[in-house]
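Position one of the sequence shown corresponds to residue 1 (this note's numbering), numbered consecutively onward. Glycine included, each C-beta is placed from N, C-alpha and C at the ideal position. On a predicted model such as this, the values are computed, not experimentally measured, just so you know.
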Amino acid sequence: MIRAIRFCFKPEHVHKMMLTSLAVIQSRGIFRSMTRITHRNRSKHRISIMGLTFPNPIGLAAGFDVNGKYISALSDLGFGHVEIGPLSFKSQNLPVSKKDRLRWDKKALSLTHNAISNNEGISAAILNIKKARKQNPKCLIGINLAAYQNEIKDELIIRDFEDSFTLAYDFADYFVINISNPNVDGIRNLQNAQTLSEVMDPLLSIRLCEDVYKPILIKIGLDIPFEILDEMIDYCRLSGIDGIVVGNSPRILDNDTKKTRFVSGNAAYQKTLDLTKHIYEYTDGRFPIIATGGIVTPAQARDITKAGASLIQLHTGLAYNGFGLIKKIQKALQESE
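Structure representation (structure tokens):
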């Protein structure tokens, strides 16, 4: 129903309707049972990487269920992993002007946005994960960490990551450190090997003191030059970082407002594909890649896994194609095996 009428509404309203449908599924046992039957995981393609076994390679990208309120319903829909966030240590509730809200680009199967991602803070998300675990979801749970928007100084960004990571360590299956989050002023300056080590070394040291090993990945932006990316990959592989997520929305110039905005969906896909191929070739296929930018169709999902992605994640594709896209991608990946 949402798919049929979605373009009658603004994208953020469609997102709210999708979250409402998830809340209904999650709160009623009969709807959960029906969802499991209709959307059950038909993929035999289990993926074992980073010391974890994913039920299937299809995941939900950060930014959809930011605070982790709908993990059980999303698992019932067939996702092999759900990544919540981006989350900061403190809650964030920044105002969004009408000019800066999400916009459809129906011709390009894309969305333009201002990249503001408010959240309720890491503590609230942990409570939601605890509730979800009691319902025994089949998916793995990842936490995407990003610093608080107002903390533009490097030392404050680093402290925010450390505080969130320490508090949340026991509750996630893996972590993504969002060093390219366009939501945070100045954070893209962390996309080089030297400053990356200043962020990641403390987190890797914290992990050494824990009883259970949890994979840590970084999330890069799609605008990053290959030469800078190569230096970062070299650091990651030497330091013990487990993988890389490709990637955060690229920038575009809005012709109407002449301001920089960000694009997601099909318009970001080619950059995701190019970066995935480059990382795979540069590392001889030995460094796990999660591809998350711009996957809107089953064919794109199939092609990007062939290009070297171990896992994929959906976001804007759901706004255009609904939750049925999960099952279609499962079928496409199975047929390509």
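Check	Outcome
Entirely enclosed beta strand (DSSP E) segments - the segment 260–296, minimum 3 residues	260–265 and 289–291
Cβ pair Ile71, Ala125 closer than 8 Å	no
Option nearest Asn56 by Cα separation, candidates Val82, Ala62 and Asp65	Val82
Touching by the beta-carbon criterion (3+ pairs, under 8 Å), the segment 245–252 and the segment 218–226	yes
Three-way DSSP call (helix, strand, coil) for Val66 in this model	coil
Euclidean distance between Cα positions of Gly317 and Gly293	10 Å
Alpha carbon of Asp160 to alpha carbon of Ile177, nearest angstrom	11 Å
Stretch pair the segment 199–210 + the segment 132–143: three plus CB contacts closer than 8 Å	no
Of the residues Glu337, Asp242 and Leu311, the one placed nearest Ile58, counting alpha carbons only	Leu311
Runs of beta strand (DSSP E) lying entirely within the segment 213–255, each at least 3 residues, in chain order	216–221, 243–248 and 251–253
DSSP state of Gln92 mapped onto helix, strand, coil	strand
Span separating the alpha-carbon of Phe89 from that of Leu167	9 Å
Under 8 Å between C-beta atoms of Arg261 and Thr112	yes
Within 8 Å, strictly: CB atoms of His315 and Phe79	no
Separation of Lys328 from Ser336, as counted between CA atoms	12 Å
Selection from Leu19, Cys8, Ile244 and Lys130 that minimises the alpha carbon distance to Ser180	Ile244
Ile326: first and last residue of the uninterrupted alpha helix (DSSP H) it sits in	Gly324 to Ser336
Exposed unless 16 or more other CB atoms sit within 10 angstroms - verdict on Pro225	exposed
Spatially closest choice to Gly322 from Gly51, Leu74, Met50 and Gln26, by CA coordinates	Leu74
Bridge partners - Arg103, DSSP secondary structure assignment	Thr112
Beta-carbon proximity list for Leu22, same chain, < 7 Å, skipping 5 on both sides	Tyr70, Ala73 and Leu74
Phe287 to Ala309 span [Cα, whole Å]	10 Å
C-alpha distance - Asp76 paired with Leu229, whole-angstrom precision	36 Å
Residue span of the alpha helix (DSSP H) that contains Ile177, given as start and end	Premise fails: Ile177 lies in the beta strand (DSSP E), Tyr174 to Asn178, not in any alpha helix (DSSP H).
Rounded separation between Ala268 and Trp104 - CA only	14 Å
Spatial distance of Ala301 from Glu155 (CA atoms)	38 Å
Bridge-paired residues (DSSP) for Glu210	Paired residues: none, contrary to the question.
CB-CB length for Glu231 against Pro202, believed under 8 Å	The pair is not a contact, with the Cβ atoms about 20 Å apart (cut-off 8 Å).
Local Cβ density within 10 Å of His15, reported as buried at 16 or more and exposed below that	buried
Residues near Ile289 by beta carbon distance below 7 Å, same chain, minus five either side	Gly243, Ile244, Val246, Thr276, Ile279, Tyr280, Gly308, Ala309 and Ser310
DSSP state of Gln135 mapped onto helix, strand, coil	coil
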